[in-house]
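**Q** Here's a structure for you.
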Amino acid sequence: MGKRIGLLTGGGDCPGLNPAIRGAVIQATALGHECVGLLDGWKGMIEGNSRPLSREDVEEIVGKGGTMLGTSRTNPYKKEGGVQKCLETMKKLKLDALIAMGGEDTLGVASKLFAEHKFPVVGVPKTMDNDLSSTDYTFGFDTSVTLAVDAAHRLVDTGRSHKRIMILEVMGRHAGWVSLFTGIAAGADYVCLPERPVDVKDMTARLKAAHAKKNVALVVASEAIDLPGEKKDEKLDEFGHMILKERGVAERLTEIIQKETGVETRSAVIGHMQRGGPPTLFDRMLGTRVGVKAAQMVDAGKFGVMVALKGTEVVPVSLKDATGTLKTVTPEWLSLLDTLMYPSGAAKSAGAQGKANAAAR
Ligand code: F6P
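The opening residue of the sequence shown carries number 0 in numbering that gives the first Met the number 0; numbering runs sequentially from there.
Dropping the structure here:
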């Protein structure tokens with residue numbers, strides 16, 4: 000018998016969500032099921048706000064950024080009676096299953112609901128931060144880094160004309176994947192990530208050497224790095240995450256670099272531009288594949304799982320394992336980065352950062 004399947008998208012939006020919704024709806028309806036969209040993430044579950052989702056509704060969305068279902072950072076566990084209301088919405092809308100698309104927060108809620116209430120849920124991993132465990136990549140990451148790489152190249156063009164050091168601040172929260180991949184793919188001379196403290200001496204030496212040779216130097220910095228003398232913004236969201244956008248990393252770093260190198264320095268923050276726009280080919284394909292797989296999991300009655308990319312396959316993994324720990328940049332990646340950043344000459348590259356890598360291990 001056909002099931003009624005709810006779909007929601009929670010947390011920060013990212014390119015690839017619409018292809019994932021489309022994949023899930025097309026596969027589910029092809030298997031004889033009916034789909035219902037919950038609006039604005041877990042908020043829609045709490046408030047019972049929904050809309051029908053037919054194949055026609057999703058036909059044209061594969062190349063569109065954002066999410067047609069809307070999203071929010073609502074946490075049912077932080078709302079009075081929130082969990083109970085989610086359970087009631089399932090009954091009221093006669094839903095047999097829920098496909099929850101999100102990052103560690105949204106899927107953390109899904110995992111808890113499954114563990115505590117046998118909630119029939121399948122998770123779909125999304126986040127531009129690429130920090131979810133148990134999956135090789137999340138959709139949203141490729142598009143956001145592609146855009147950041149383009150922005151970095153533009154900064155270098157103007158920086159070279161003015162003989163400046165240029166800084167690009169990127170999102171990515173407490174994992175450095177976005178800054179790492181942007182930095183490597185844009186040929187940055189220095190990359191600052193949250194996984195290790197910024198070594199100002201090493202950074203300065205490398206930037207001075209790069210600037211002396213090329214008349215320009217590029218730094219890619221994550222929004223979540225700690226800088227000397229920094230005042231932290233302590234505002235937290237409903238999932239307990241620090242709101243990073245007002246920390247002013249780019250400005251602080253500009254001051255430090257300009258003072259230490261004596262070279263005129265400018266910075267730009269790409270921010271939410273990284274989250275908009277049409278998904279890249281990779282994100283369209285991954286979004287579609289995980290959406291389709293999620294519908295297949297519901298069809299098979301397999302709940303408490305997240306559909307993950309492992310190598311070239313999309314497979315089910317435990318939701319609990321996927322949301323247990325954040326996937327951060329490994330020492331191996333840091334070593335690769337150190338090889339690629341501009342050499343300071345004196346440091347023989349590996350010296351100072353090598354120690355920081357050892358500490359990060
Ligand atoms: O988690 C995705 C993300 O884009 C982070 O990289 C960033 O720190 C955060 O969301 C920004 O959140 P908001 O859209 O709520 O400002």
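Glycine included, C-beta positions come from ideal geometry on N, C-alpha and C. Keep in mind the model is a prediction, meaning the values are calculated, not measured.
Is it right to say Lys42 is buried, meaning 16 or more other beta carbons lie within 10 angstroms of its own, or is it exposed?
**A** Buried.
**Q** Let me know the secondary structure DSSP gives Lys93 once reduced to three states.
**A** Coil at Lys93, not helix or strand.
**Q** Of all the beta strand (DSSP E) runs that stay within the bounds of the region 154 to 210, which reach a length of 3 or more residues?
**A** List check, beta strand (DSSP E) in window: 164 to 169, 189 to 191.
**Q** Assuming Val215 is part of the alpha helix (DSSP H), what are its boundary residues?
**A** Note, Val215: premise wrong, no alpha helix (DSSP H); not H, not E.
**Q** Could you compute how far the alpha carbon of Ala362 sits from the alpha carbon of Tyr189?
**A** One cannot answer for residue 362 here, as it falls past the ends of the chain, which runs 0 to 360.
**Q** On the DSSP bridge assignment, give the partners of Glu245 in chain order.
**A** DSSP, once it has assigned bridges, lists no residue as partnering Glu245.
**Q** I believe Val291 touches Gly22 by the beta-carbon criterion, under 8 Å. Please report the beta-carbon distance rounded to the nearest angstrom.
**A** Right, the Cβ-Cβ distance comes to about 4 Å (below 8 Å), so this counts as a contact.
**Q** Under the criterion of a Cβ to heavy atom distance below 8 Å, does Met44 qualify as lining the ligand F6P?
**A** False, no ligand heavy atom lies under 8 Å from that Cβ.
**Q** When the Cα atoms are used, what is the spatial distance from Lys84 to Val306?
**A** Approximately 26 Å, taken between the alpha carbons.
**Q** Can the beta-carbon of Glu237 be found less than 9 Å from the beta-carbon of Thr126?
**A** Cβ distance not < 9 Å, so Glu237 and Thr126 don't count as in contact.
**Q** What do you reckon, is the C-beta of Cys13 under 8 Å from a heavy atom of the ligand F6P?
**A** Flag set: Cβ of Cys13 near the ligand F6P.
**Q** Under the three-state reduction of DSSP, which class applies to Ser343: helix, strand or coil?
**A** Ser343 falls in the coil class under three-state DSSP.
**Q** Under 8 Å Cβ to Cβ from Glu263, same chain only, skipping five residues before and after it: list those, please.
**A** Excluding positions up to five away in sequence, the list reads His161, Lys162, Arg163, Ile164, Gln257.
**Q** In angstroms, rounded to a whole number, what distance separates the CA positions of Ala109 and Glu58?
**A** If I take the Cα positions, the gap works out to 27 Å.
**Q** Beta carbon of Asn214, beta carbon of Arg153: below 9 Å?
**A** Not in contact: Asn214 and Arg153 (Cβ atoms no closer than 9 Å).
**Q** Which word fits Arg205, buried or exposed, when buried means at least 16 other C-beta atoms lie within 10 angstroms of its C-beta?
**A** Buried, by the Cβ-count rule.
**Q** Below 8 Å on the Cβ atoms is my guess for Pro119 versus Ala99; work out the distance and round it to an integer in Å.
**A** That pair is no contact at about 11 Å.
**Q** Mapping the DSSP letters down to three states, classify Arg265 as helix, strand or coil.
**A** It is a strand residue.
**Q** Which parts of the region 96 to 163 are runs of the beta strand (DSSP E), unbroken and 3 residues or longer, counting only runs that do not cross its ends?
**A** Whole beta strand (DSSP E) segments, 3+ residues: 96 to 101, 120 to 124.
**Q** Applying the criterion that 16 or more other CB atoms from any shown protein chain within 10 Å of the CB defines a buried residue, is Pro278 buried or exposed?
**A** Pro278 comes out buried.
**Q** Verify whether the separation of the beta carbon atoms of Leu336 and Gly182 is less than 9 Å.
**A** Cβ distance < 9 Å, so Leu336 and Gly182 count as in contact.
**Q** For Ile242 and Met0, I'd like the C-alpha separation in whole angstroms.
**A** The alpha-carbon atoms of Ile242 and Met0 are separated by roughly 45 Å.
**Q** Are there 16 or more other CB atoms within 10 angstroms of the CB of His210, so buried, or fewer, so exposed?
**A** Answer is buried; the Cβ neighbour count reaches 16.
**Q** Is Met272 near the ligand F6P, with its Cβ less than 8 Å from a heavy atom?
**A** Every heavy atom of the ligand F6P is 8 Å or more from the Cβ of Met272, so no.
**Q** May I have the straight-line CA-CA distance separating Asp149 from Leu179, to the nearest angstrom?
**A** The straight-line gap from Cα to Cα measures roughly 15 Å.
**Q** Are there any heavy atoms of the ligand F6P lying less than 8 Å away from the beta-carbon of Gly10, as far as the coordinates show?
**A** Gly10: yes, Cβ under 8 Å from the ligand F6P.
**Q** Could you give the residue range of the beta strand (DSSP E) that holds Gly36?
**A** Taken as a continuous stretch (DSSP letters only), the beta strand (DSSP E) holding Gly36 covers 33 to 37.
**Q** By the 10 Å Cβ neighbour count, where 16 or more other Cβ atoms means buried, how is Ala147 classified, buried or exposed?
**A** Classification of Ala147: buried, given that the 10 Å Cβ count is 16 or more.
**Q** Within this structure, are the beta carbons of Asp104 and His271 separated by less than 9 Å?
**A** No. Outside cutoff.
**Q** To which residues of the same chain is Trp332 closer than 7 Å at the C-beta, ignoring the five residues directly before and after it?
**A** For Trp332, where only same-chain residues beyond five positions count, the Cβ hits under 7 Å are Leu179.
**Q** For Lys111, collect the residues of the same chain with a Cβ closer than 8 Å to its Cβ; drop the 5 residues on either side in sequence, then sort them by chain order.
**A** These residues qualify, in order along the chain: Tyr76.
**Q** What are the residues that DSSP puts in a beta bridge with Ser221?
**A** Per DSSP, Val169.
**Q** Which of the three DSSP states is assigned to Thr311 in this structure?
**A** The answer is coil: DSSP assigns Thr311 none of H, G, I, E or B.
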